[in-house]
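Trainee: Structure incoming, see below.
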Amino acid sequence: MRILILHGVNLNMLGRRDPAHYGRATLEEINARLASIAGEFGAALDFFQTNHEGAMVERIHRACEEDVDGAVINAGAWTHYSYAVMDALAAFGPPVVEVHMSNIHAREKFRHHSVLSRVCSGSIAGFGVASYLLGLRAVCALAAEAGAK
337 MRILILHGVN LNMLGRRDPA HYGRATLEEI NARLASIAGE FGAALDFFQT NHEGAMVERI
397 HRACEEDVDG AVINAGAWTH YSYAVMDALA AFGPPVVEVH MSNIHAREKF RHHSVLSRVC
457 SGSIAGFGVA SYLLGLRAVC ALAAEAGAK
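Read left to right, the sequence shown gives residues 337 to 485 (the working numbering).
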């Protein structure tokens with residue numbers, strides 16, 4: 337099973353940016369935690385982070401042509417307005433789980449809505465690093481149900 341982990345805009349700043357909402361874990365630490373549990377599911381992980389919306393769209397498009405069984409995405413601020421990322425995810429096919437470290441529903445009003453959620457299998461928010469871990473567990477379960485290799 338191959339799972340794509342997509343980190344969006346500003347997530348390279350985790351550990352330094354707004355620790356009250358996002359904690360002190362760095363992106364590298366989050367990726368390491370994900371890799372440490374991937375074996376439970378026999379999953380290989382591919383990690384991608386970008387601050388460029390077009391690069392995110394192109395990575396999702398490339399995944400459409402690869403042998404990818406699912407994806408976990410934290411799109412950052414793109415969650416709330418990127419119809420380009422939404423359309424790319426809609427074309428992807430395998431299950432996608434949207435994750436957010438903070439509870440987006442308890443924050444500023446503009447963060448309450450996700451344009452991505454309509455094309456994702458589910459959303460997990462508010463659990464810090466555990467949101468990613470829960471997202472990985474969920475997408476692996478969905479991929480297994482879908483008959484992933």
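Glycine included, C-beta positions come from ideal geometry on N, C-alpha and C.
Which same chain residues, not among the five before or five after A484, have their C-beta less than 6 Å away from its C-beta?
Mentor: Here the model assigns A484 a pLDDT of 47, short of 50, so the residue's position is not dependable, and the following value carries that caveat. The residues are M337, D405.
Trainee: For P431, does the count of other Cβ atoms within 10 angstroms reach 16, so buried, or fall short, so exposed?
Mentor: buried
Trainee: Quick check on the burial criterion: 16 or more other C-beta atoms within 10 angstroms. Buried or exposed for Y468?
Mentor: buried
Trainee: Would you list the one or two residues that DSSP bridges to A434?
Mentor: Correcting the residue identity first, residue 434 is Glu in this sequence and not Ala. According to DSSP, which records beta bridges pairwise, E434 is partnered with I409, S459.
Trainee: Cutting at 7 Å between CB atoms, please list the residues of its own chain near A424, excluding the five before and the five after it.
Mentor: V393, I396, H397
Trainee: How about the region 472-480 and the region 370-381: do they share at least three Cβ pairs that are nearer than 8 Å?
Mentor: yes
Trainee: In whole angstroms, give me the CA-to-CA distance for H449 and G462.
Mentor: So the alpha carbons of these two residues sit roughly 14 Å apart.
Trainee: Label G344 either buried or exposed according to how many other C-beta atoms from any shown protein chain fall within 10 Å of its C-beta, with 16 as the threshold for buried.
Mentor: buried
Trainee: Is L452 helix, strand or coil when you go by DSSP?
Mentor: Residue state for L452 is assigned as coil, using DSSP reduced to three classes.
Trainee: Would the beta-carbon of L363 fall within 8 Å of that of L347?
Mentor: Taking 8 Å as the cut-off, the beta carbon of L363 is found closer than this to the beta carbon of L347.
Trainee: Once you ignore the five residues that flank G464 on each side, which residues in its own chain have a CB closer than 6 Å to its CB?
Mentor: Within its own chain, the residues whose Cβ lies closer than 6 Å to the Cβ of G464, once the five positions on either side in sequence are excluded, are G359, M437, listed in chain order.
Trainee: Measure the Cβ-Cβ separation of L452 and V421 and say whether it is below 8 Å.
Mentor: yes
Trainee: How long is the line joining the alpha carbons of H416 and L470, rounded to whole angstroms?
Mentor: 21 Å
Trainee: With A380 as the anchor, note down where its beta strand (DSSP E) starts and where it stops.
Mentor: Note, A380: beta strand (DSSP E), 380-385.
Trainee: Taking the DSSP output, what are the residues bridged to I366?
Mentor: Paired residue(s): none; I366 is not in a bridge.
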